[in-house]
Every structure is written in structure tokens, then in C-alpha cells.
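One structure is given here, and the rest of the page talks about it.
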Amino acid sequence: MAAYDHEAIERHWQERWEADGLYRSTVDWEKPKHYALTMLPYPSGDLHMGHWYAMTPSDARARVMRMKGYNVLFPMGFDAFGLPAENAAVQRNVHPAKWTYENIDRMRHQLRSMGAMFDWEREAVSCEPSYYRWTEWFFKRMFERGIAYRGEAMVNWSPTLQTVLANEQVIDGRDERNGQPVVQKLMEQWFFAITKYADELLSYEGIDWPDAIKAMQNNWIGRSEGAEVTFRTEAGDEIVVFTTRPDTLWGATFMVLAPEHPLVDSITSSDRREVVDAYRVAAAARSELERMEDTKEKSGVFTGGYAVNPVNRERVPVWIADYVLLSYGTGAIMAVPAHDQRDFEFARQFELPIIPVIRPQGAAPPAEPEMEVAYVGPGEMVNSGPIDGIETTNAKGRANPSIAATIDWLEKAGAGREAINYRLRDWLISRQRYWGSPIPMLHRDDGNVEPVADEDLPVVLPEDVEFEGRSPLVTNEQFLAAVDSEGMPARRETDTMDTFMCSSWYWFRYLSPAFEQAPFDPDEAAYWLPVDVYTGGAEHAVMHLLYARFFVKAMRDMGVFEDTERVMREHGRDPSGLFDEPFVVLRNQGQILGEERAGDRLVVDGHRADELVVASSIRVDPAAGPEAGLVVGELIRRTENALQVQTEGGLVAVRVTEGATIDIPAIDGTNDVTQLKHHLDIERMSKSKGNTVNPDELVALYGADTVRTHLMFAFEWQKGGPWDSRGIVGSSRFIEDVWKLATSGYQPGTVSEEASSTLRRRVHQAIVKVDADMMDFKWNTAVAALMTLRNEMQDALRAANISPHVWVEARETLLKLLAPIAPHITEELWHATGYATSIHLEPWPEADANIAREDTVTMVVQVNGKVRDRIEVDAGISPKDAEATALASEKIAAWTEGNTVRKVIARPPKLVNIVVG
RNA sequence: GCCGGGGUGGCGAAAUUGGCAGACGCGAUGGACUCAAAAUCCAUUGGACCUUGGUCCGUGCGGGUUCAAGUCCCGCCCCCGGCACCA
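Residue numbering for the first sequence follows the working numbering, starting at 2 and increasing by one per position.
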């Protein structure tokens, strides 16, 4: 018997499958189709454990479906535009395209080593002009339908670099590269009107998605019913507020505007100007997340201005506070401190009046100044003029009598109207960057914008560019210069698109990546669409998955699927409802998290340049005191050559120049900046966090089959967890054992009928369990069931008392059930047994329920809920017999003696509980 | 802060959804084989107590419902993911 040589076997079969085109998927209307899709990776450089964890179970699932008789499409590609490529360009002087394509080459190679059944003929790469031509085309269609429009949004603005920074480039309100402050600034940009689809996105009809994902999307969309009410400043300007509780308008005692609200300037009185301006500057330095984070301590300032409450002509002071966000609602709120906890706390802190307008059922109205919390329950309206005495409930919107009455009153009085507000904001797709799909728009001399003509698509990114921080598109005259539809000079749009745009339609491009007449070939689409199973990380629960749903709905409404529908009808397939949602079944895996690690303690010398320290030398010294150098502390984060060091005085940004000396005593030879270890929390693996685990070494050591098996065995797939490489030997032993079992050349001794039928029963039980678990994405218990079968077969092999045909059935079933998880070794052993065709073309094993059934069961007998005996009983035992059997037990008698049996609960055949007392 | 998920042996985890807590593995301990080591095989392995057999305790913490709670309810603590320019 030859030893198991994983390296030779895996190489051989990967080459053979490729040569045979085993995984090529072609349209075949005679067979049922299955489109399996797993989220495409960003080409960050190396494939890490997280990719394997996400992809190999998806591959295994696709393989099971194939063995079940489906024609399976399982493609792969790269989401290739994005920020890391530009970081590399800015700081290492590598062109983003070069960096990206080199990474893709490496990752393609690594992906092949997984032994997955990807159909590489269908690969799509989003940064190729043949791909982004259609991303641009979709933008144009969106523009034509009024979905793409220009509007204003806040950006992280670096005044020193005169550029926009991504959220992850801002640490502690400062640019991570140069330590300079970052401010929030309004800028004109492109949006998609996803809010037009808000209501449709709240419905999940016809799709099987996890409840948690649906809940998160619902919360993200955040539909709320209420009213828009118009207040007027004393100067006569309108302030529109949205409120879900218009019925409490009579209790509104002040207003709060977002600090960026356009009316702040005009409403602020001269004596308050200085305070207000200072507050606005401070607010601009904080991100929305930071503003929402610390809500215990309210901050805000009075503008000195007043507005008039339209329901009672009361004069109310107007404040600004950063807990009111310009991007939510109208950026202004009316404050009813008596019945809203946040307003209540604000009022208490700044000593503003509180007027209760709801009397709780059968109680006196809350009295001032004794109130301790806002009253948010039901009751009856008081102090509220025309709606006095009307009941108020916990219902939302018009379903609440008091709200319905108020809306009617407001509409009649012309002071407001019923309104629905969404937390969901329109999708900001502009990025002030180079490495993204260009937005195919022209700015005409007359100030209008117009789209680039279809025949001029794609607008191609210029290759000859320099990177300093700002997008090179802004200064590239050759790129900028264009001619509009009337032959007049025009300038190109320099914003590029959010990469979520590229990943919102990629599974259509997989259908026909070389197709030139449209984004996808209708002949392919008619057969394969929609995606049957989509798998990917739960971190995409809201944004990517919501954008993808929006995109398909918009495509449907733009008529993009008309040809596809025609082809479907020609083949007798009914297209209705097939283009409302992109993914029929969605399952999320958890994440493989990186292990925790402390960062190196650095001693940095050099010189200060503004907020930044430019390093001339860096030494790693775990014992260094705080005075050992210019900057001393733990390395928290590193992006290329920009370091964040945690010193006693706070975070310090350090830039490592080319000539700087790096000294890491633990690593011999010349050290460089990439060898510095930065702090790692237990958190998701990603290249930018530097906590990835590379599977290549493990593949070299144990083989891809073992790595695949281990990833599926060691975690609950939907949950994930921190990576720990120790347990892999268990999976390795399992794979080795399968090799030994299948190559043992079983020779029976004295055959036992009982032992034979027991093994046969175990084999069929394994089929039931493995099949159910795999269909349900429970990979760890599927592998455990296969290991149990392995144990049974080892015992049988040793006893040599199994009839030969039972042994053969056991061996072949084990190989087939394992084939989706460990495709190479099972293929090798299948052929070694004498079969000439691939195991991956074999039909999936089917269990015989009669063979799988157990005749006897261990029945547990409890006394007062505690297990006191176990009795072997017939599996079909009646409740009466079960009870009698339990009461007849001697062990039970010892516990019931001297006590009255009050009750017997029989749940045959598993359990009987006797209650005594 | 808001939304979602989670917390079970020394470790990764199971538990047919209210019915034997710890399947399947890792690690550890003892033994076999070996000159020896590795590999392999056998046994034990949640904790405490006593006599072999058993008793009591045990699923983040505190309460509750139930014949029966890891599972359901109420209140708390901690960890992870997302929060709109990382993808």
C-alpha cells in the first residue's frame, strides 16, 4: 500500500480536471440549473484563511448539488478597484494597476490550489475596461432614469493635502499619514436615489434570507411615519422638521438644528455669533459616529434666535447641537422634553422649560419640576388646544388617534403634512479618487452636465499618472479635456465610483465576461438566473446586500432584462418575479478572526514636522522607558510607511522615510518597516489590519484536502472564530485514515451477520446525517459524522467480521460523502478502486430509511427530573409500556420507596420522568 | 450610542429546538510497541466527595416559568460584526 502523497495527488487531479474541463458549465436546458455564488475577493495580495473559510464550504455545497444532478455554475472573479491600491501607489510608488494585477495573478494561483470547482472561463475583473465599460453604462442608464443625481454630502477633508480622506484613513480626527487635523466639509457629489426603492426593499417576498439580515436591513432603511411641520423664524425663514409625534407639538419648548444647517448663520444673533461659530468648528472635527457615541453628556449652544410654534404661536428658542445630524430627516428637530428622553435630558442640562401634554390613563399629568424621566406611554392629550382629550396609544402613525387628529389639523391649517421618513439615505457613489470606475459625465461650459455618448464608453482611466495624495484625475489635462454633444469644449467628471457599484452587478458579468453587446448575454442569463445560493460574510449584511437588491430592481425597471425574458419564454420558462431579487437563498458565514497580539514597543528618533514625527531611526525595545527617544510606545497600526504609536501622551503619527534605519534585534540582517509588528485585537482578518493567516504553508504541509476539511470541521460555519492552527492534526489523521481504510484490501475472517447489518445501519445513518447537515451548511457536524463512520469502519476492519459487499458499500459511501469536502483524495481513491470516471460525476448516495432505523433505544428514566436509570427498550414502545418498564426498575424503586408517585410523564422511547413527593 | 450576533470542559465545539449536557476532534495523563524518538495502537480525561458503585455541583451573572431549562421569560455583565469613503 502506497503512502498518501497529498502533493502529487492534488497536483495531478487539478491538472487533470482542468484538462478534462470537468468544471466547465454550459447552458443545457435539458438539465435543472443551479447558480452557486460566493462573494468575490478584493485582490489584497495573498489569499488568507478567511477566503478559504468563505469559499471552500461554498464549493463543497456546489459539488453536492452537482452530484444531486444539477447543472452547476460556480464562478469566481475579483473586486479589483479600491483604496489599498492607491495607498501602495502613494507610499511605495507602484502604479495601482500593476499592484492590482500582480495580486490577482498570485491569488488566482492560490485559488486554484484550493481545488475548487470554479469555472475560470467565466472570470470577471472589475478594473478591466471591458468590465467597467458596463459599470459606466449602468450609471448612464441610472442618470437617464433620474436615479443618479448631484447633491451635497459631508466628506473628511484634509486642509493640508487639499483632498478627501476615507473614514479608515482618519484616526482620532486626524490624517493617519501626517497627523494633521481633518474637518467635515460639504461637497457636491453624485448620488443614487435608493430611497425611491425604500418601500420595496422592506419586502423579502420569495427569498430565503436569514432573519438577522432582514432585521438589519429593515433597521437600516428605518421607515418611520409622522409629519413634516413648518416652523418660522422671527425673520420669516421656514424651518421644516420631521417628527413621528406631531401630536406632542403643543409640548414643544425649543428647537435644535444640526450645526451645519443652512439657517444657522442667519438665525444666530450677533452676541451669540462667537459661541456658535466655535461650536460649529468643534462639531466639524467630529465624525457622525463620534457624535452619536457619547450621548450621556449633551452638548449644544443657543443661537440667540427664536422660531414660532405654528400650533400655538409660542416663541421657542433655537439651539444647535451635534446630536442632530444634517443627513437625517430635515436636519432640524422640534424638542418635546416632557415626552422624549433625549430632549428631556437636553432640557434638564440647559434648564429649558418642560410642558407635559399627555396624561397617563387614570393618573394626573406629569408635574413639573418633579419629572425625572420623559413620559412615553399612552394616555390622553392635555394642554393641546384642538386635540385636547383625544386618546393617544403606542401605535405609530395614523393608527394612533392623537397623531391622526393632529395631521388632519396641520393639513387644514397649512402648517404641515403627513410624511414618511427613512433613516436610509441616498447612496453616495462619488469618490474623489483615481482607482475606480470613471463616472461617464461631462461638465459643459454652460454649467450643465451631460452623459458621455454610449459609443464613447468606456471612459478609460489614464495610465500615465503621478500620485501625491490628490486624485491625479483632477490635474490630468489630457483626461479632463473633452467635447460635449454640441461640439463645445467640456471637462470630464473627475469623481470615480464607489467600488460597491462594481460589486452590485458582477454576477451578471460572470454569465458572459466577454460579451460586447450588453452587460450580459441573454441566452446565458435566461438559463442561469437568478442566483440560487449566495454565500458570504455577515459583515456585508447591510451595505453590499442592500445595494445589490436595489441594483437588480433598478435594472428590472430600466428594462435590462427584456431580452432575457424573451429567451426564457422561448424555452418555456416563466420569467415573472425572477428579476425582483438577485439572490434566492442567502447564507452568511461567520468570520475567521485574527489572533490577539501586542505590538512592538518602538523607540523612534527623528524630528517633528507639525503634527507628524519623521523618523530617522526606529528601534524595537520591549523594555524602553518613556524617555528613551523622541517617541516611545506600542505600535498600534501601520499603513505602508505610516505608523500610529501609542505613547503615554496619546497617539502619535510617525512617517518612516526611505533612509531611516530600522533595528529589530529579534530579526537578523537588515530590517525594514514591514517587519514591525503592530498591535492586533481579536478581529476580522484583513490585509489592512495585517492579521491574516496564509494557508499556503498549511497546504504544503498537509494538503488542500486536509485544510478544507479542517476549516469545515473546526468552526461553526455561521459563526466563525479566532484562528487556531493546533487542531488541524485531527483532520489530517482523519484524511490519512480514509486513505488507509480505502487501500486496506479488506479480507473478511469469520463473517458476523449482526456486525454486518450494524455497519450497514451506520452507513445509512451517516448518509442521512451528512446529507441533511450539508444542505443546511452545518459543515462541522457533517465532518464529525464522517469521522464517526471512520471509527466504525476501523473497528470493523480490525474485527474482520463484515461481509465483503457491506464493506464495499461502506467504503464507496464514505468516499462519495467526503468527495465535496476533500475532492482530490476521494478522486484518487475512487480511481484506485478501478473506476474510470470521476467520483464528482457520481450520483449522491441515498439513504434507505429501513436500513438506517434503530431497533432498540436507550430510554432514560428520571425521578423528579434527575436521571436515575437507563433501560434498553424497543424503539416502538408505547407510552403505557414505557411507564410500566420504568416503574418496574429496581433502581427507580429505591428512589420512589416511601414517596407517593404523583405524576408520570412518558415521552417514549427516549424518556420517562416520575414525579414523587 | 444604535442595530445584529454570541458567551457551554484546559482548547475548537455538539445537543433532533423544552427531554441523557459535553457527540466529533485537539491537548493532557497513563500504558503497549521501540535501544531510543517520531508515528501508530489501547485506556482515562467537566469539577468535588466517598469504598470498586454511587452522591452532589456544573452551560457568562442574578431572578423566574416548568414534571423537566444550555434551550423559554425578566434584569445585568462581557466579547464580536456593522454604523453609510476598508471591502
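Quick reminder that beta carbons are idealized off the backbone N, C-alpha and C, glycines included.
For the 8 Å CB-CB criterion, PHE551 and TYR329 do not form a contact. The alpha-carbon of PHE468 is positioned some 11 Å away from that of TRP436. One thing to note: HIS711 has its Cβ no nearer than 8 Å to the Cβ of ALA853. Taken through DSSP and simplified to helix, strand or coil, LYS69 comes out as coil. DSSP lists GLY537 as the beta-bridge partner residues of ASN589. In the three-state reduction of the DSSP assignment, ASN104 falls in the helix class. Around the beta carbon of PRO623, fewer than 16 other beta carbons lie within 10 angstroms, which makes this residue exposed.
For the set PRO311, PHE347, TYR5, ARG316, the Cα lying nearest the Cα of VAL302 is the one of PHE347. A contact between stretches requires three or more CB pairs, one per stretch, nearer than 8 Å, and the stretch 299-314 fails this requirement with the stretch 200-216. Here DSSP, grouped into helix, strand and coil, assigns TYR324 to coil. Straight across, the Cα-Cα distance linking GLY152 with GLU189 is about 5 Å. In this structure, the straight-line span from the alpha carbon of PRO311 to that of ASP341 is close to 20 Å. In the structure shown, ASP622 adopts coil according to DSSP, grouped into three states.
Beta-carbon to beta-carbon, LEU48 and MET77 are separated by about 11 Å, too far to satisfy the 8 Å threshold.
Within the stretch 367-428, the complete alpha helix (DSSP H) segments at least 4 residues long are 402-414, listed from N- to C-terminus. Per the coordinates, the alpha-carbon of TRP14 lies some 42 Å from the alpha-carbon of LEU458. For PHE501 and HIS545, the gap between their C-alpha atoms comes out near 6 Å. About 13 Å separates the CB atoms of ILE334 and GLY252; that is not less than 8 Å, and the two are not in contact.
When beta bridges are read from the DSSP output, HIS608 appears opposite VAL615. Taking PRO490 as the centre and dropping the five residues before and after it, the same chain places the C-beta of ASP446, ALA482, ALA483, VAL484 closer than 8 Å to its C-beta, in chain order.
Along the length of the stretch 91-171, whole beta strand (DSSP E) runs at least 3 residues long occupy 149-159, 164-166, reported in chain order. Nearest to GLU456 by alpha-carbon distance, out of SER486, GLU169, ASN449, is SER486. Segment contact: the stretch 784-793 against the stretch 834-854, fewer than three CB-CB distances shorter than 8 Å; contact not assigned. Distance from GLU884 to VAL913 at the Cβ level is roughly 6 Å; contact confirmed, criterion being Cβ atoms closer than 8 Å. Remark: C-beta atoms of ASN781 and PHE735 do not approach each other more closely than 8 Å.
Nearest to GLU226 by alpha-carbon distance, out of TYR54, GLY116, PRO379, ASN401, is ASN401. The residue from ARG574, GLN645, VAL586, ILE593 with its alpha-carbon nearest to that of LEU603 is GLN645.
A direct Cα-Cα distance of roughly 30 Å separates PRO247 from ARG273.
Each residue's CA atom was taken as its position, placing PHE79 and TYR133 some 12 Å apart. When secondary structure is reduced to three states using DSSP, GLY746 falls in the coil class, being assigned neither helix nor strand. When DSSP states are grouped into helix, strand and coil, GLU649 belongs to the coil group. Counting along the chain, the unbroken beta strand (DSSP E) around ALA37 starts and ends at 34-39. Bounds of the alpha helix (DSSP H) holding GLN766 are 754-776. Ranked by Cα distance from LEU579, the first of PRO531, VAL561, GLY626, MET569 is PRO531. Around the beta carbon of GLU8, fewer than 16 other beta carbons lie within 10 angstroms, which makes this residue exposed. One Cα belongs to PRO666, the other to GLY746, and the distance between them is close to 56 Å.
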